[in-house]
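Chemist: Sharing a structure with you now.
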Amino acid sequence: MTPMERRPAPVDNSGTAVPHGSPALWDGELAALYRDASFLSNPDTRKEKQAHVAVFSTGLTTSSGGLLGGFGAACDPGRIMLNEDLILVASEVGKLARCRRRACQALFAAAERQDSDLEHIRSYYRLEDRIGVKVALGLRVRHGGRPGVIIDTLGQRLVLRLDGDPVPVVAHATSSMEYNTKDGFVPAVPLPDPYGSVPV
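Okay, structure coming up:
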């Protein structure tokens with residue numbers, strides 16, 4: 012399983028209850044934030060700070076046991092609280108500015124791959140022009156009539172977590188796919204075959 016498949020589905024900051032460890036999204040891509048040191052009595056101001064891939068956390072607590080909400084670092088969501096003042100797209104964070112712990116590094120690598128894959132899917136299938144939907148992580152879809160959410164990419168294919176199904180499925184961007192828009196679910200009509208009308 013990929014790092015994205017091991018976690019709950021990624022979500023934007025919709026204000027609804029979100030499972031602990033769900034990757035946070037910014038404009039349909041993984042988000043990154045800097046550590047929140049505002050509550051520390053003696054924060055380190057000498058070193059340049061590193062960005063962490065942001066996940067929703069329900070486990071952050073104060074030293075006296077009070078529960079904090081919000082974003083935690085993917086590498087330690089129960090102890091590293093992130094500052095929401097500056098949200099970054101994870102794929103755009105420079106390599107030297109990234110957290111070097113395993114969980115954050117895996118999600119930063121996934122963010123780079125997803126950014127490239129999504130750019131290809133958007134430009135090739137032109138679903139935004141054709142049906143008014145920007146293909147992005149966290150987008151609700153129906154595949155073969157079953158509802159789910161886009162959790163990852165795999166080249167020019169999408170990785171979906173269908174509701175009630177713990178095992179993700181890989182789907183073509185237009186084959187048996189419907190995308191959630193402001194007007195409800197809209198089917199993605201495949202592009203015409205450019206060689207279909209060529210006589211043999």
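When we follow this note's numbering, the leftmost residue of the sequence shown carries the number 12, and every step to the right adds one.
By construction, the Cβ of each residue, glycine as well, lies at the ideal position given by its N, Cα and C atoms.
Whole angstroms are fine: how far does the CA of THR185 sit from the CA of THR192?
Modeler: Roughly 15 Å between the two C-alpha positions.
Chemist: Starting from LEU171, follow the beta strand (DSSP E) in both directions and report where the run begins and ends.
Modeler: 168-173
Chemist: Could you check which residue in VAL178, ASP163, PRO201, GLY195 has the C-alpha nearest to that of PRO21?
Modeler: ASP163
Chemist: In the DSSP assignment, what are the bridge partners of ARG157?
Modeler: HIS154
Chemist: Give me whichever residues DSSP pairs with LEU41 in a beta bridge.
Modeler: LEU36
Chemist: For PRO30 and TYR136, I'd like the C-alpha separation in whole angstroms.
Modeler: About 32 Å.
Chemist: GLU40 and SER134: beta carbons closer than 8 Å?
Modeler: Contact check for GLU40 against SER134 fails: the beta carbons are separated by 8 Å or more.
Chemist: Output yes or no for whether 8 Å exceeds the beta carbon distance between VAL178 and LEU171.
Modeler: no
Chemist: Just to check my reading of the structure: VAL100 and ALA42 have Cβ atoms closer than 8 Å, yes? What is that Cβ distance to the nearest angstrom?
Modeler: Between the beta-carbon of VAL100 and that of ALA42 there is about 7 Å, and that keeps the pair under the 8 Å contact cut.
Chemist: Would you kindly work out how many angstroms separate the C-alpha atoms of PRO88 and TRP37, rounded to a whole number?
Modeler: 18 Å
Chemist: Let's test the definition: count the other Cβ atoms within 10 Å of the Cβ of MET15 and tell me whether it reaches 16, buried, or not, exposed.
Modeler: buried
Chemist: Would you mind giving the Cβ-Cβ distance between VAL146 and LEU129, rounded to the nearest angstrom? I have them listed as a contact below 8 Å.
Modeler: 6 Å
Chemist: Have a look at GLN116 and ARG17 and give me their C-alpha separation to the nearest angstrom.
Modeler: 15 Å
Chemist: Which residues mark the beginning and the end of the beta strand (DSSP E) in which GLU95 is found?
Modeler: 87-100
Chemist: Please state the DSSP three-state secondary structure of PRO198.
Modeler: strand
Chemist: Identify whether LEU148 lies in helix, strand or coil by the three-state DSSP scheme.
Modeler: In the structure shown, LEU148 sits in coil (DSSP, three-state: anything other than H, G, I, E or B).
Chemist: Starting from the C-beta of GLN61, find all residues in its chain whose C-beta is less than 7 Å away, skip the five residues before and the five after it, and write them out in chain order.
Modeler: ALA108, ARG109, CYS110
Chemist: Along the chain, where does the alpha helix (DSSP H) that runs through ALA62 open and close?
Modeler: First-last for ALA62: 62-67, but that is the beta strand (DSSP E), not the alpha helix (DSSP H).
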